[in-house]
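The next block holds one structure in the form of structure tokens; read it before the comments.
Number of protein chains: 2
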Amino acid sequence: MASAEKRTGNVVVPEPTLRRLPLYHRFLKLLPMEQAVSCTRIGAELGLDPTQVRKDVEFTGIVGRPKVGYLVFDLVKAIERFLGWDNLSEAFLVGAGSLGAALLGYGKFEAYGMKIVAAFDADEHKVGTQVHGKLVLSMGELVDLAERMHVPIGIITVPAAVAQEVAEMMVAGGMQAIWNFAPVQLNVPKDVIVRNEDLYCSLAALSQKLAQKELRKERPSYVAE
Amino acid sequence: MASAEKRTGNVVVPEPTLRRLPLYHRFLKLLPMEQAVSCTRIGAELGLDPTQVRKDVEFTGIVGRPKVGYLVFDLVKAIERFLGWDNLSEAFLVGAGSLGAALLGYGKFEAYGMKIVAAFDADEHKVGTQVHGKLVLSMGELVDLAERMHVPIGIITVPAAVAQEVAEMMVAGGMQAIWNFAPVQLNVPKDVIVRNEDLYCSLAALSQKLAQKELRKERPSYVAE
DNA sequence: TAGATTGTTAATCGATTAACAATC
DNA sequence: TAGATTGTTAATCGATTAACAATC
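In the order they appear, the protein sequences are chains A and B. Residue 69 in the numbering used here sits at position 69 of the first sequence; the count goes up by one each step and never skips. Residue 81 in the numbering used here sits at position 81 of the second sequence; the count goes up by one each step and never skips.
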């Protein structure tokens, strides 16, 4: 990695790396903080190639010691800083249905850089109530509040049909990132970060592999036609 | 693609392809079934490279007509067959907490090849009740019922601490695939399909990009040090 | 026929894996 | 010192993108 990139932090990090780093973090938290750990160890523990672990870890900018590895404490902190977990970003959740409620109850998001500060719902019966300790506000307040409070993250847990509309309100409120749980492709300005959590797409991967497995069972691949 | 592979269906399909096919399917469902559609059109609509769409579509085994494209109806069916959405697989959901309840309420999974037939929970107060029309059964019945009913899919929505234990019960019951929502790496025999839906890992990607974006705002990349 | 699109092969790009010198 | 591990460069692998002939 070029050192200029390292210093500015302006590097495009591969998605797979971004998804593995939290895994390392989770494993490291089980270890004594003052201990040293090697990429070999992490890889062995998680069933990953040690070289891959090293590459991933390199992105955090940490410098290790040959033969020794990294101090668990330092590596944990490096990952946290790199993933932006050290400074908490506030989030609004829109759609206090059952999925929304589940997320509001997650609780541990605060350890991962995000704090859900309020929920919004179109159902006026829900407005004013609390879900897992979070107040449900009226949709009418979303844009204005997001703008005034500078809330950077919007979480969409509304039905697909109204997701685009909600996304537009979030953009209007100046939100920087959208975590979208509705099964639709959102159309937003390209400087807005969108992360789709489309369970139907995820299920598809599982479903296809299962179907292939069943197929193989009936008709093993080594059998000629 | 070699034709032998095409006929047997024993091809390793790239994950990205598997995640895009449902997107095409969703778009196609909005179109008149008797109409024709080209990969160019699909790509333009979803903001994807048309060649990539063609490659993905090729995996389903469908044959198109130059200049015309594919009949929407045929392509929809080809995707459904390929992803295994045409024959419904049964699933047990374990952990009737708020996330479990949200999934039980999803409803549309049946259109995507999976039918949740029952839920299980360790809390005896929940046993016997219904969540979104699904009966909650006792954990003690899980292994035996999975085995006798040949339920191939297990959904884990229990706390991280007990997820491994639940996974082992699912394996013991002969389950083929596990959709894991608990934030832990499961240790199961390698012939069991595992799909992790780790929200903390997902959040990490969003969080890191947001942190980088904030950083760029403060200190634009074209500024020399 | 002309032009658009499929099907297929080749080139590019990026991520993973391998190799190896530097180092503690 | 010997051996393990880092840091770094090269090779491999797989997915994306480009090119182009076949075809309707």
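Even glycine gets a Cβ: it sits at the ideal position worked out from N, Cα and C.
- If you compare the alpha carbons of B:LYS190, B:HIS132, B:MET139 and B:ALA111 with that of ASP121 of chain B, the shortest gap goes to B:MET139.
- Listed in chain order, the non-local C-beta contacts of ASN187 of chain B below 8 Å within the same chain comprise GLN164 and ALA167, local neighbours out to five positions each way being set aside.
- In the same chain as SER38 of chain B, and ignoring 5 residues on each side of it, the C-beta atoms closer than 6 Å to its own belong to GLY69, in chain order.
- DSSP places LYS217 of chain B within a helical segment (H, G or I) once states are collapsed to three.
- Residue contact with chain A for PHE109 of chain B: present (Cβ-Cβ distance below 8 Å to some residue of chain A).
- Contact of ARG148 of chain B with chain A is not assigned, every C-beta pair being separated by 8 Å or more.
- Apart from sequence neighbours up to five positions away, the residues of its chain that approach VAL76 of chain B with a beta-carbon distance below 8 Å are HIS25, LEU28, LYS29 and MET33, ordered along the chain.
- Judged by DSSP secondary structure, SER89 of chain B falls within the beta strand (DSSP E) whose first and last residues are 89–94.
- With a threshold of 8 Å between beta carbons, ALA78 of chain B makes no contact with chain A.
- Relative to VAL194 of chain A, the option among A:ALA205, A:LYS209, A:VAL171 and A:LEU83 whose CA is nearest is A:VAL171.
- Per the coordinates, the alpha-carbon of GLY133 of chain A lies some 13 Å from the alpha-carbon of LYS126 of chain A.
- If you draw a 10 Å sphere on the C-beta of ALA111 of chain B, you find fewer than 16 other C-beta atoms in it, and that means exposed.
- In the DSSP assignment, MET114 of chain B forms a beta bridge with B:SER89.
- VAL151 of chain B places its beta carbon less than 8 Å from that of VAL117 of chain B.
- Going by DSSP, GLY128 of chain A is part of no beta strand (DSSP E) at all; its letter is neither H nor E.
- For the C-beta of PHE82 of chain A, the chain B residues within less than 9 Å are, from N- to C-terminus, GLN208 and ALA211.
- The beta carbon of PHE82 of chain A is closer than 6 Å to those of THR60 in its chain, skipping five residues each way along the sequence.
- Secondary structure note for ILE62 of chain B: it is in no alpha helix (DSSP H), with a DSSP letter that is neither H nor E.
- Taking the CA atoms as reference points, PRO50 of chain A sits about 17 Å from LEU71 of chain A.
- Chain B places no beta carbon closer than 8 Å to that of MET170 of chain A, leaving this residue out of the contacts.
- Where LYS134 of chain A is concerned, the enclosing beta strand (DSSP E) starts and stops at 134–138.
- The continuous alpha helix (DSSP H) containing GLY100 of chain B extends over residues 98–104.
- LEU48 of chain A and VAL192 of chain B have their C-alpha atoms roughly 18 Å apart.
- Runs of the beta strand (DSSP E) lying entirely within the segment 148–223 of chain B, each at least 3 residues long, are 153–156, 177–180 and 193–196 in chain order.
- Under DSSP, LEU48 of chain B shares a beta bridge with no residue.
- Chain order gives the chain A residues near ALA101 of chain B as SER98 and ALA102, where near means a beta carbon separation below 8 Å.
- For GLY69 of chain B, the three-state secondary structure derived from DSSP is strand.
- Secondary structure at VAL11 of chain A: coil, using DSSP grouped into helix, strand and coil.
- Take the alpha-carbon of LEU199 of chain A and the one of LEU215 of chain B: they are about 31 Å apart.
- Taking all protein chains in view, the Cβ of PRO189 of chain A is surrounded by fewer than 16 other Cβ atoms within 10 Å, so the residue is classified as exposed.
- Per DSSP, ALA78 of chain B has no beta bridge partner at all.
- The alpha-carbon of LEU21 of chain B is positioned some 28 Å away from that of ALA102 of chain A.
- Chain order gives the chain A residues near ARG195 of chain B as SER202, LEU203, ALA205, LEU206 and LYS209, where near means a beta carbon separation below 9 Å.
- Closest in C-alpha terms to GLY128 of chain A, from the list A:GLN35, A:LYS217, A:THR40 and A:ALA96, comes A:ALA96.
- Cβ proximity to chain B below 8 Å picks out PRO152, ILE153, GLN176, ALA177 and TRP179 from the segment 152–182 of chain A.
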